[in-house]
Each structure stands twice: as C-alpha cells, then as structure tokens.
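Below you'll find the structure, written out as structure tokens, and then a few comments.
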Amino acid sequence: NIIIRNLLFRNSVDDAINVQESAHHIWIDHCDLTNAYDGLIDIKRGSEYITVSWNKFYNHQKTCLLGHSDNNAAQDSTHLLVTYHHNWFNGTNSRHPRVRFSGLTHVYNNYYYFNSYGIASTMNAEVLV
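According to our numbering, the sequence shown holds residues 8 to 136 in order.
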C-alpha cells in the first residue's frame with residue numbers, strides 16, 4: 008500500500024501526481040493541488056484500487072484524468088478501479104474526473120465550484136455517481 012497524504016503540490020513541470028504502469032492500492036488523501044503543467048492527478052496505464060479523497064484542487068485547467076488515451080483500451084479496460092470522494096474542486100475547468108475505459112469508477116460527495124463541467128464518462132467507462 009502507498010499513502011500520499013497532507014502534501015502541497017504546485018507549479019509542477021508535468022502532472023502533479025502521475026499514477027501509472029499497473030500501480031495499485033494507492034490512497035491520495037488531504038493534499039492541496041494547483042498549477043501543474045498538465046494534470047493534477049492522472050491515473051492510467053492499467054492502474055487500479057486507487058482512492059482520491061479529501062483533496063483540494065484549485066485554479067487549474069485539467070484536474071483528474073482517468074485512462075491514458077482513446078487508443079489505450081487494451082491496457083486500461085477492466086482496470087482503473089478508482090474512488091473519488093469528499094474532494095473540493097474550486098476554479099478548475101475540467102476533468103472532475105474525465106474517465107475512459109474504467110472497470111468501475113465511484114464518484115461521490117465532491118464539491119464543485121466555478122467549473123465548466125463535473126464528471127465526464129467516455130469510451131465505455133463505468134461511473135457510479
């Protein structure tokens with residue numbers, strides 16, 4: 008198990024947190040994330056059993072991506088088992104999360120303020136809201 012907790016991520020040169028290559032059993036909790044070059048938390052390439060909880064995301068465009076790309080079904084389908092709960096999205100434009108190919112993504116009790124949209128489910132993703 009890996010726990011990422013009580014950390015501040017800002018001004019990252021790539022993704023603030025990048026979970027990939029079949030990583031599993033990770034808990035990202037009570038972190039503040041803002042102003043990365045790309046995503047704040049991107050989970051992809053067959054990763055699974057991830058929880059993203061009680062985090063603050065603010066002043067950013069591409070917040071949480073789940074699933075690498077539209078061509079990556081072979082690696083991501085039936086994986087990407089992720090839960091997002093009790094997160095605060097403030098002034099973040101998109102990807103709250105944006106989900107592709109997930110086995111099952113559970114999104115509940117998140118707070119969205121000043122965003123363009125909430126949750127996006129594409130490429131046969133399963134999302135329980």
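From the three backbone atoms N, C-alpha and C, an ideal C-beta is built for every residue, glycine too.
Span separating the alpha-carbon of residue i from that of residue j
i: Gly-98; j: Tyr-118; result: 11 Å
i: Glu-133; j: Tyr-124; result: 18 Å
i: Trp-34; j: Asn-8; result: 8 Å
i: Phe-64; j: Ala-81; result: 30 Å
i: Val-20; j: Tyr-44; result: 5 Å
i: Ile-57; j: Ala-23; result: 16 Å
i: Cys-38; j: Leu-14; result: 5 Å
Proximity below 9 Å, CB of residue i to CB of residue j
i: Gly-46; j: Asn-25; result: yes
i: Gln-68; j: Asn-100; result: yes
i: Leu-40; j: Arg-12; result: no
The alpha helix (DSSP H) enclosing residue i, as first and last residue numbers
i: Asp-83; result: 80-83
Limits of the unbroken beta strand (DSSP E) element including residue i
i: Tyr-56; result: 55-60
i: Ala-132; result: Here Ala-132 belongs to no beta strand (DSSP E), and DSSP marks it neither H nor E.
i: Ile-10; result: 9-12
Assigned exposure category for residue i - 16 Cβ within 10 Å defines buried
i: Val-89; result: buried
i: Asp-83; result: buried
Inset, instruction - Please go through the region 15-77 and give each complete beta strand (DSSP E) segment of 3 or more residues, from N-terminal end onward. - result: Fully enclosed beta strand (DSSP E) runs of 3 or longer: 15-17, 24-26, 31-36, 39-41, 48-50, 55-60, 63-69 and 71-73.
Legend entry - Completely contained beta strand (DSSP E) runs for the region 82-108, where each covers 3 or more residues: 89-92, 95-101 and 105-107
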